[in-house]
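Be aware that the sequence shown starts at 0, since it is given in numbering that gives the first Met the number 0, and climbs by one per residue. Inspection log for the structure reproduced underneath, given as structure tokens.
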Amino acid sequence: MKSICILAIESSCDDTSAAVYKDGKILSNCIASQVIHKEYGGVVPEVASRAHQANIVPVVSRALERAGVAKSDLSAIAFTRGPGLMGSLLVGVSFAKAMALSLDIPMIEVNHIQAHILAHFIDEPKPSFPFLCLTVSGGHTQIVRVNSPLEMEIMGTTIDDAAGEAFDKTGKLLGLDYPAGPIIDKLAKEGQVVFKFTEPNVPDLDFSFSGLKTNILQFLQKRVRKNPDFIQENLADICASVQARIVSILLKKLVQASEQTGIKEIAIAGGVSANSGLRAALAATGTKKSWQVFIPKFEYCTDNAAMIAMTAYYKYLEQDFVGHDITPLARYEF
Ligand code: KG4
Ligand code: ZN
Numbered sequence: 000m001k002s003i004c005i006l007a008i009e010s011s012c013d014d015t016s017a018a019v020y021k022d023g024k025i026l027s028n029c030i031a032s033q034v035i036h037k038e039y040g041g042v043v044p045e046v047a048s049r050a051h052q053a054n055i056v057p058v059v060s061r062a063l064e065r066a067g068v069a070k071s072d073l074s075a076i077a078f079t080r081g082p083g084l085m086g087s088l089l090v091g092v093s094f095a096k097a098m099a100l101s102l103d104i105p106m107i108e109v110n111h112i113q114a115h116i117l118a119h120f121i122d123e124p125k126p127s128f129p130f131l132c133l134t135v136s137g138g139h140t141q142i143v144r145v146n147s148p149l150e151m152e153i154m155g156t157t158i159d160d161a162a163g164e165a166f167d168k169t170g171k172l173l174g175l176d177y178p179a180g181p182i183i184d185k186l187a188k189e190g191q192v193v194f195k196f197t198e199p200n201v202p203d204l205d206f207s208f209s210g211l212k213t214n215i216l217q218f219l220q221k222r223v224r225k226n227p228d229f230i231q232e233n234l235a236d237i238c239a240s241v242q243a244r245i246v247s248i249l250l251k252k253l254v255q256a257s258e259q260t261g262i263k264e265i266a267i268a269g270g271v272s273a274n275s276g277l278r279a280a281l282a283a284t285g286t287k288k289s290w291q292v293f294i295p296k297f298e299y300c301t302d303n304a305a306m307i308a309m310t311a312y313y314k315y316l317e318q319d320f321v322g323h324d325i326t327p328l329a330r331y332e333f
């Protein structure tokens, strides 16, 4: 059988990543993270696209070198088409076009969110179809029914902020660096759940986090008025309490989705799936509900090109290629 070798590029937000897939294996997954955004308290799109421009050639070269693959071995080039920041996506798409043209090989476009879900197929154990996936990142919070690698249905989504934004915005209120998700996760381990934050009342399988943000803001303002050192003195407990509430909001809807569909194979994906509170709560709920749970390796939770390569493999099997007139999509529902 002819060998399948795919170079994949991910540049949707603030990580420039390249990975090589060959015959069932990810041979390399290289990432250049842009720490510069810490100074601004969030991703600055203009700064992100310039950094991608600087990083992309070295990252792609490193990925090919680590994989021990020559450009002439490649069967196709895959890239993230969206969703994401337009200026960031443009760097990856343009690079992929130039490389595909020069090597005269096909291009494969990939939906970033679909790729987060298919990261579960990089290593064992792999879920079987259909399964449910809670996709939680900086821009998305969705419950997806995955019927086959490329056939997915969104059953519920956030009506305002994403779960990652809830972590990051809370971090801003607490004076933490960006992205605050991993920092809150770490601090929460040293704290207790002593403060009770609001639970949104959203119908069906949808989510809402903006009310929680307002509740946290008002809570902090009230406490700080009485004690200006309240945040410093209670930081770990505040983090533990906020994290517990975000996790309970997510788990409640996941239980509802499983009961509604009868599906007991449950996965999580996206940057927030790196959260230790969410991982522990999913494992505990899984045991209670007799679910088979799938929790990705840390390296495949946040943005990476290995997941783009994995998705591209399934598209390659269907010969699902795109033309050279392809453009990025800042908003891209599958
Ligand atoms: O998937 P991702 O890397 O990028 C997007 O596609 O958005 O997700 C980034 C988000 C950020 O909001 C970040 O704070 C959050 O994932 N995140 C975490 C953790 N690690 C990353 N949130 C909570 N706990 C973590 N350990
Ligand atoms: Zn992502």
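Glycine included, every Cβ here is placed at the ideal spot set by N, Cα and C.
query                                                                                                             : result
Bridge partner(s) assigned by DSSP for Glu298                                                                     : Answer is none; Glu298 lacks a bridge partner.
With 16 other Cβ atoms within 10 Å as the buried cut-off, status of Met0                                          : exposed
Spatial neighbours of Pro178 in its chain, beta-carbon cut-off 6 Å, leaving aside the 5 residues before and after : Asp167
C-beta contact flag for Thr336 and Ala273 at 8 Å                                                                  : The structure shown does not extend to residue 336, since the chain is modelled only from 0 through 333, so no value can be given for it.
Proximity of Pro129 and Ile262 at Cβ, strictly below 8 Å                                                          : yes
CA-to-CA distance, Gly270 to Ser136, given in whole angstroms                                                     : 5 Å
Burial state of Arg80, where buried means 16 or more other Cβ atoms lie within 10 Å                               : buried
Where Met309 falls: helix, strand or coil (DSSP)                                                                  : helix
Classification of Gly155 by the beta-carbon crowding that lies within 10 angstroms, buried from 16 upward         : buried
Distance between Val321 and Val241 (C-alpha atoms, nearest Å)                                                     : 43 Å
contact_flag[the stretch 200-209, the stretch 222-233] where n(CB pairs < 8 Å) is 3 or more                       : no
Beta-ladder partner(s) of Cys12, from DSSP                                                                        : Its beta-bridge partners do not exist; DSSP assigns none.
Nearest neighbour of Leu219, chosen from Leu172, Thr15 and His323 [CA to CA]                                      : Leu172
Unbroken stretches of the alpha helix (DSSP H), 4 residues or longer, contained in the stretch 95-176             : 111-117 and 162-172
Test item, CB below 6 Å from any non-hydrogen atom of the ligand ZN                                               : His111, His115, Ser136, Gly269, Gly270 and Asp302
Ile25 - partner residues in DSSP beta bridges                                                                     : Tyr20
Assigned secondary structure, Ser74 (DSSP; H/G/I helix, E/B strand, else coil)                                    : coil
Alpha-carbon to alpha-carbon, Ser71 and Ala187                                                                    : 49 Å
Candidates Asp324, Val201, Ile265 and Gln113, of which the one nearest Glu9 by Cα                                 : Gln113
contact_flag[the stretch 188-199, the stretch 238-256] where n(CB pairs < 8 Å) is 3 or more                       : yes
Other residues of its chain near Asn214: CB distance less than 7 Å, five sequence neighbours each side excluded   : Phe196 and Thr197
Nearest-angstrom Cβ-Cβ length linking Ile76 and Leu6, presumed shorter than 8 Å                                   : 5 Å
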